[in-house]
Each structure stands twice: as structure tokens, then as C-alpha cells.
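S.K.: What follows is a single structure, and I will ask about it in a moment.
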Amino acid sequence: MGSTVGVGFYGIPFTIQKAGLGLGLLFMAAIVGLVLISNLLYGEIVLRTHYRHQFVGYVNKYLGPWARRVNLFIFWVSVYGALVGIIIISGDFLANVMSYYLNFSPVVFSTIFIILAAILVLAGLRTVSRFDFFMMLLFGAVVVLIAFVGLGQIRLANYASGALEITDFWFLPFGVILFAMNAMPGIPLMRQVLTDRERDLKKAIVYGTLAPAVLYLIFALVVFGISGDVTSPDAISGLQSFLGARIVVVGSLFGFLTSTTIFLNLAFALRESLREDFHIKRRWLWLLALVPPYLLFLSGIRNFIDIISLVGGVAISLQTILMIFMFVKTKRDGERVPEYTVRVPKWLLYLMMAIFGLGAIYTILVK
Numbered sequence: 003m004g005s006t007v008g009v010g011f012y013g014i015p016f017t018i019q020k021a022g023l024g025l026g027l028l029f030m031a032a033i034v035g036l037v038l039i040s041n042l043l044y045g046e047i048v049l050r051t052h053y054r055h056q057f058v059g060y061v062n063k064y065l066g067p068w069a070r071r072v073n074l075f076i077f078w079v080s081v082y083g084a085l086v087g088i089i090i091i092s093g094d095f096l097a098n099v100m101s102y103y104l105n106f107s108p109v110v111f112s113t114i115f116i117i118l119a120a121i122l123v124l125a126g127l128r129t130v131s132r133f134d135f136f137m138m139l140l141f142g143a144v145v146v147l148i149a150f151v152g153l154g155q156i157r158l159a160n161y162a163s164g165a166l167e168i169t170d171f172w173f174l175p176f177g178v179i180l181f182a183m184n185a186m187p188g189i190p191l192m193r194q195v196l197t198d199r200e201r202d203l204k205k206a207i208v209y210g211t212l213a214p215a216v217l218y219l220i221f222a223l224v225v226f227g228i229s230g231d232v233t234s235p236d237a238i239s240g241l242q243s244f245l246g247a248r249i250v251v252v253g254s255l256f257g258f259l260t261s262t263t264i265f266l267n268l269a270f271a272l273r274e275s276l277r278e279d280f281h282i283k284r285r286w287l288w289l290l291a292l293v294p295p296y297l298l299f300l301s302g303i304r305n306f307i308d309i310i311s312l313v314g315g316v317a318i319s320l321q322t323i324l325m326i327f328m329f330v331k332t333k334r335d336g337e338r339v340p341e342y343t344v345r346v347p348k349w350l351l352y353l354m355m356a357i358f359g360l361g362a363i364y365t366i367l368v369k
């Protein structure tokens, strides 16, 4: 859950509003199902391998140099793109929270966020894991709070408007929801946490995938039901005229905390990949994990929805296709007997590759 829940879910109500409720919910159900299968496939890959790697290492091991070169592009785009998106919205969230006390720009608050994240990354996995657990409890509590406070403000007419209309933004939910549901960097870490209890990995993956999806759906329906056509890209700002400034502060504070959680997971996974798969010396690891995305942010990359849509629609789609190729290869060449196996027909694997491949192409074309 800590690897899944991040700032991406804040973009879901906006994409559903733009695409229409019917299409938005259809995308939500389809992507959650595909991601659950993908996570289980990746979990089996991890269990069929003696030594733990990050995704780059598994690709190099099972698919060879050609796939490694493709995945290097995917890897840097997905991780650094996600980190830049988190830096952008974290500065905005922190600016909303601190606006009554400090009149700094979001850029300054993004810099403060990077400093805090660097301290926590250097603290190690134990600190990050405990922080994840606390954030997940807070995540559920805030979603329930917003639903409770906003229940009386929900207008059923908002759900009816555009529910069956095909708009220019009909495909927008694909990349955003895929970004919000992505948890691949955390699955190898799950095996590390479950050392000598690997039989529990399948159950942990299922629960860890479906629980965030349910909370995402509740959050999206509540926000869209309240704000309707004025739903904002960050979901929270558009609630101010309906629920008041306090809910914006609470929601923004939660947004900052959850963005910190997912940033730490990604930064730690990147650091481990640089060490395990690229054999980079330890003293450079945290710099390479934190400095490049911050420099990209300073260069002027600031559109949150466009970034997470591109990362989800292109990078994560292509990454999933490579993962399916790996799954087929490890069925034959795996190093150990896994604690669970996933039985999927070949036609479903082909269908998944077609969906993600066409989704990546269409995302590039519309961008």
C-alpha cells in the first residue's frame, strides 16, 4: 500500500470529471484488474529468483541486453518523472498549509520538501516502513473525514452530467489511474520484509492492491459529487467553495504527507537499483536519487496532470509489457520454486500487452 498510495490519486477525480463518470469508472475497474494481475505476475518473478534485484536487474537477468536498453529509458522516465510530479504538487500542498504563516512560493516549499525527503531517505528502510504504515492509517482516516464532511454537499446531478458523453479527454484516466495504481518498485521490498514468510506475499499483494483502489474510488466519487464541473486537478482546491478553507488545509496537509511517503519509496527503490543493478558507489546514491528530479523541476517542468499521465500512460505501460515477457521467461528459466504461481492463459497475456502497447502509443499521440 505504501508503494501504491501517492499523489496520483489526487488527479483521479479531475480525470473522471473530464472523461465522464461512465468512462471514468470503466477505466478504473479495468486498470485495477490489470494492475492486480501484473503485480501478482511480478511477485512470482521475484520469488523465482534467488537474489533480490530492482526491476532493471530482473530485466537484464532474464531478457538480456536489448531489453535492458529499452528498460533503461523506461526506468529513468518513470522514476524521475514520478519524482518530479511529486515535487511539484508537494510544494503546492505545503504552500496551502503554510499560507497563513509563511508567504513563500511553492518553489521554496518544494525545496523544503526535498531537504526533508533527503533526511528520511538517509535514515534507511526501517524508518521509511514505519512512516508508510502511519501514512496508510492517515490516508484512510482523511478519506473518511472528507466523505463524512462532504456527504451533505454531494449533488447527484454531478454524476449524471457527462456520464455517457465522449469528450476530448476520454482517454485521460488511463495514464493517471495507472500512475496512481503503480506499485512495482515496492514488490521486491515486500519480499525483503517477508523474509522466511514468502508464502504470505500473494495475499499481501492482493490486499495491498485492492485496498487503495477502494479508497481511491470513494475519494473520487465524493470529490466529483461535491465539486462537479469545478473539480480541480489536485482535487482539494475545488472543494474550498463548498467545504471551506479548513478542509483545503487538512487535505493539503495529507497530500503533503502522502507525497512524502511515495517519494521515499521511489527514492529508496532508485537508490537500491543504482547500488544493486548499476554498481554505483554508495556515496553517490542519494545524490543521484534526489538531485536530478529537483533540477528538472527547477528547469520549469511544472504541469502535474500532464507529467503523471505521461509517466503512467507510456513508461508504466511499457514497463508492464517487459514484465510480462519476463514472467513467461521465468516460468521456464526461474532459479527456484516460488511460494505461489499465477495461472493465466496466453490469450490474456497477449491482450494485456496489446492494451498497454496501444495505450502507450495513444498517450504519446494525444500529448
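When you read off a place in the sequence shown, starting at 1, and then add 2, the result is the number in our numbering.
We put the beta carbon where it would ideally sit given N, CA and C, even for glycine.
Output the distance between the C-alpha atoms of L28 and G22, rounded to the nearest integer angstrom.
M.R.: Here residue 28 corresponds to residue number 26 of the sequence shown, with the count starting at 1. Here residue 22 corresponds to residue number 20 of the sequence shown, with the count starting at 1. Cα to Cα, the separation comes out at about 10 Å.
S.K.: How about I326: is its Cβ closer than 6 Å to a heavy atom in the ligand NAD?
M.R.: Of ligands this structure carries none, so the ligand NAD is not represented either.
S.K.: Which residues in the same chain as G142 place their Cβ atom closer than 8 Å to its Cβ, once the five residues preceding and following it in sequence are excluded?
M.R.: Residue mapping note: residue 142 aligns to position 140 of the sequence shown, counting from 1. Same-chain partners within the cutoff: L217.
S.K.: Is the number of C-beta pairs between the stretch 241-252 and the stretch 43-57 that are closer than 8 Å three or more?
M.R.: Result no; under three Cβ-Cβ pairs closer than 8 Å.
S.K.: Under a Cβ-count criterion, where at least 16 other Cβ atoms within 10 Å of its own Cβ denotes burial, should P15 be classed as buried or exposed?
M.R.: By 1-based counting over the sequence shown, the position of residue 15 is 13. With 16 or more other Cβ atoms within 10 Å, it is buried.
S.K.: Quick one: give me the first and last residue of the alpha helix (DSSP H) that V99 is part of.
M.R.: Mapped onto the sequence shown, residue 99 falls at position 97. It spans P67 to M100 - the alpha helix (DSSP H) in which V99 sits, taken as one unbroken run.
S.K.: By a C-beta neighbour count over all protein chains shown, 10 Å radius and 16 as the cutoff for buried, is D236 buried or exposed?
M.R.: On the sequence shown, residue 236 is found 234 positions in, with the first residue counted as 1. Looking at its Cβ environment, which holds 16 or more other Cβ atoms inside 10 Å, D236 is buried.
S.K.: Cβ of S275 within 7 Å of Cβ of V86?
M.R.: Numbered from 1 along the sequence shown, position 273 holds the residue referred to as residue 275. Numbered from 1 along the sequence shown, position 84 holds the residue referred to as residue 86. No; because the gap between Cβ atoms is not below 7 Å, this pair is not in contact.
S.K.: In whole angstroms, give me the CA-to-CA distance for S40 and Y64.
M.R.: Sequence index remark: in the sequence shown, residue 40 carries index 38 (1-based). Sequence index remark: in the sequence shown, residue 64 carries index 62 (1-based). Each residue's alpha carbon lies about 17 Å from the other.
S.K.: Could you compute how far the alpha carbon of F173 sits from the alpha carbon of Y352?
M.R.: Residue numbering aside, residue 173 sits at position 171 when the sequence shown is read from its first letter. Residue numbering aside, residue 352 sits at position 350 when the sequence shown is read from its first letter. Whole-angstrom Cα-Cα distance: 21 Å.
S.K.: How far does the alpha helix (DSSP H) with R334 in it extend, from its first residue to its last?
M.R.: To locate residue 334, count along the sequence shown from 1; it is residue 332. In the DSSP assignment, R334 falls within the unbroken alpha helix (DSSP H) covering S319 to D335.
S.K.: With a threshold of 8 Å, are at least 3 pairs of Cβ atoms found where one atom belongs to the stretch 192-210 and the other to the stretch 113-126?
M.R.: no
S.K.: For P295, does the count of other Cβ atoms within 10 angstroms reach 16, so buried, or fall short, so exposed?
M.R.: What you label residue 295 is simply residue 293 of the sequence shown in a count that begins at 1. The residue is buried, with at least 16 neighbouring Cβ atoms inside 10 Å.
S.K.: Which whole runs of the alpha helix (DSSP H) in the stretch 199-268 are 4 residues long or more, in chain order?
M.R.: The stretch 199-268 contains, as complete alpha helix (DSSP H) runs of 4+ residues, the segments 203-229 and 242-245 (chain order).
S.K.: Quick one: is N105 buried, meaning 16 or more other Cβ sit within 10 Å of its Cβ, or exposed?
M.R.: Locating residue 105 in the sequence shown gives position 103, where the first residue counts as 1. Flag for N105 reads exposed.
S.K.: Considering only residues of the same chain and omitting the five flanking positions on each side of F11, which have a CB-CB separation below 7 Å?
M.R.: Within the sequence shown, numbered from 1, the residue matching residue 11 stands at position 9. Closer than 7 Å at Cβ, skipping near neighbours: A182, Y218 and F221.
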